[in-house]
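Start counting the sequence shown at 14; every next residue gets the next number (the working numbering). Glycine included, each C-beta is placed from N, C-alpha and C at the ideal position. Computed from a predicted structure; not experimentally measured.
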Amino acid sequence: MKAKTLDRKFESGEDISAQLDLSKARRPNQEQRRVNVDFPTWMIERLDREAKRLGVTRQSIIKVWLAERLEHSDSHRAA
């Protein structure tokens, strides 16, 4: 299928998912890398309590909080 045909189908609202090979699809800047971080016991206990309260995993809350802090840092740097 030519790109113009695919674009036209997409723009008209047709489901084009069957035309796409999503097995190799990647989200830019979203690749995962494993890191190991050692936390004091008190910090892990507090993270676990907060994660349980919010109904998420410890890893999720760490990711969200780090992302928020990094965004905050970026916005202050830009100001």
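Check	Outcome
Going by CA-CA distance only, name the one from Glu24, Trp78, Gln72 that's closest to Asn49.	Gln72
Starting from Val77, follow the alpha helix (DSSP H) in both directions and report where the run begins and ends.	71-91
I need the boundaries of the alpha helix (DSSP H) containing Ala6, first residue and last residue.	The shown model of the chain, from 14 to 92, leaves out residue 6, and the question about it has no answer.
Looking at the structure shown, is Leu35 part of a helix, part of a strand, or coil, going by DSSP?	helix
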